[in-house]
Amino acid sequence: MNAPTFRFAPSPNGELHLGHACSALLNQRLAKESGGRMLLRIEDIDITRCTPEFEQGIYRDLEWLGVGWEQPVRRQSEHFDTYSEALEKLRKTGLIYPAFLSRGEIRAYITEQEYWPRDPDGAPLYPPLDRHASAAHRREKIASGVPFAWRLDMEKAIAAVGPLHWNELSSNETISAEPQLWGDVIIARSDIPTSYHLAVVVDDALQNVTHIVRGRDLFAATSVQRVLQTLLGLPAPAYHHHKLILGPDGRKLSKSEQSTGLRALRTAGKTPADIQRMLDL
245 MNAPTFRFAP
255 SPNGELHLGH
265 ACSALLNQRL
275 AKESGGRMLL
285 RIEDIDITRC
295 TPEFEQGIYR
305 DLEWLGVGWE
315 QPVRRQSEHF
325 DTYSEALEKL
335 RKTGLIYPAF
345 LSRGEIRAYI
355 TEQEYWPRDP
365 DGAPLYPPLD
375 RHASAAHRRE
385 KIASGVPFAW
395 RLDMEKAIAA
405 VGPLHWNELS
415 SNETISAEPQ
425 LWGDVIIARS
435 DIPTSYHLAV
445 VVDDALQNVT
455 HIVRGRDLFA
465 ATSVQRVLQT
475 LLGLPAPAYH
485 HHKLILGPDG
495 RKLSKSEQST
505 GLRALRTAGK
515 TPADIQRMLD
525 L
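Residues 245 to 525, numbered by this note's numbering, are exactly what the sequence shown covers, in order.
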């Protein structure tokens, strides 16, 4: 039987803050308590916003906190070929389609509707126009160079996989997935053959991750990931969504919130023990 495997997977598009520290330290603690492994993954598919400087800052902050991890570190930007293979597998199911509407076109469409649903993050669900387009129309659009994204036909996907759930360790509950709340999510883009959802489920499977410990802000996203895991024949990890660390204004921390950045706190004289106390760990 494989040892429990945990991972901390930040994106190098800003500096780590107290919320990241909470996830990293909790992953390490639970891995140690279970005799498991602790991995570090750099989620840098956004090649325009992620930088080597921020990546080096992640290593520096984690080492200062006393967080250790196994080598090598997996960097997503080095594995686009792997994600392309998973994308092609999804294409063969007939459950994804090219979507061409720009943000402006989406706004124009939904303003004409009396009511339009939004996903758990507050974004409007993608309109159904491209979902029902003909194959010839799609080929013509792609050939003409119109930018597009691959989206999952969520209604068909739900019919294909049936009811799904996950084990939520933070509350010892079995949670029923609700992927319909997200509508037709983006699976990949024409210039980058993956998305957060696709890359994370592929990586977790390839790295044999058994326990995913992350913030409560990603609780709802688990429903989408359970759908992709099932469509791709990947195992379902257990999940632990911990409480969010909020800023002075009561809102979720942001990488632009300098006062809660680990580098700023270190410069101000805080110690790793201080961080543990601040996080009530």
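For every residue, glycine included, the Cβ atom is placed at its ideal position computed from N, Cα and C. It should be emphasised that the depicted structure is a prediction, and the values quoted were computed from it without experimental measurement.
Short of 7 Å in beta carbon distance, which residues of its chain neighbour residue i, apart from the five on each side in sequence? Order them along the chain.
i           : result
residue 410 : 419, 421, 466, 470, 480 and 483
residue 268 : 252, 306, 309 and 311
residue 278 : 248
residue 496 : 461, 488 and 490
Span of the beta strand (DSSP E) holding residue i?
i           : result
residue 420 : 417–420
residue 283 : 281–286
residue 410 : 409–412
residue 343 : 340–343
residue 366 : First-last for residue 366: undefined, no H or E at that position.
residue 457 : 455–459
residue 478 : It is not in any beta strand (DSSP E) - residue 478 carries neither H nor E in the DSSP assignment.
residue 252 : 249–252
With a Cβ-Cβ cutoff of 8 Å, do residue i and residue j count as a contact?
i           : j           : result
residue 339 : residue 425 : no
residue 344 : residue 311 : no
residue 489 : residue 270 : no
residue 368 : residue 299 : no
Please report the residue range of the alpha helix (DSSP H) in which residue i lies.
i           : result
residue 449 : 440–450
residue 298 : 296–309
residue 489 : Unbroken run through residue 489: none, as it is neither H nor E.
Just how far apart, CA to CA, sit residue i and residue j?
i           : j           : result
residue 387 : residue 436 : 17 Å
residue 522 : residue 506 : 12 Å
residue 346 : residue 398 : 20 Å
residue 491 : residue 376 : 44 Å
residue 350 : residue 428 : 13 Å
residue 357 : residue 365 : 20 Å
residue 335 : residue 341 : 8 Å
residue 457 : residue 355 : 38 Å
residue 442 : residue 331 : 8 Å
residue 295 : residue 303 : 13 Å
residue 432 : residue 374 : 15 Å
residue 414 : residue 378 : 45 Å
residue 329 : residue 319 : 17 Å
residue 226 : residue 520 : In the structure as shown, the chain starts at 245 and stops at 525, and residue 226 therefore has no counterpart that could be examined.
residue 515 : residue 273 : 18 Å
residue 327 : residue 438 : 6 Å
residue 290 : residue 315 : 23 Å
residue 266 : residue 402 : 34 Å
residue 478 : residue 406 : 15 Å
Once you ignore the five residues that flank residue i on each side, which residues in its own chain have a CB closer than 6 Å to its CB?
i           : result
residue 353 : 371
residue 275 : 250 and 282
residue 400 : 339
Counting only the same chain and skipping the five closest in sequence on each side, list residues whose C-beta sits under 8 Å from that of residue i.
i           : result
residue 453 : 249, 250, 251, 283, 447 and 481
residue 404 : 337, 339 and 475
residue 246 : 452 and 454
Below 7 Å, is the gap between the Cβ of residue i and the nearest heavy atom of the ligand GDP?
i           : result
residue 380 : This structure lacks the ligand GDP; in fact it carries no ligand of any kind.
Notebook entry, point to check: With a cut-off of 8 Å, do at least 3 Cβ pairs link the stretch 345–364 to the stretch 377–384?
Noted result: no
Exercise. Are the stretch 248–256 and the stretch 443–456 touching by the rule of at least three beta carbon pairs closer than 8 Å?
Worked result: yes
Original post:
If we count Cβ pairs, one from each stretch, closer than 8 Å, do we get three or more for the stretch 277–287 versus the stretch 485–496?
Top reply: no
Check whether the stretch 452–462 and the stretch 307–326 are in contact - that is, three or more C-beta pairs closer than 8 Å. no
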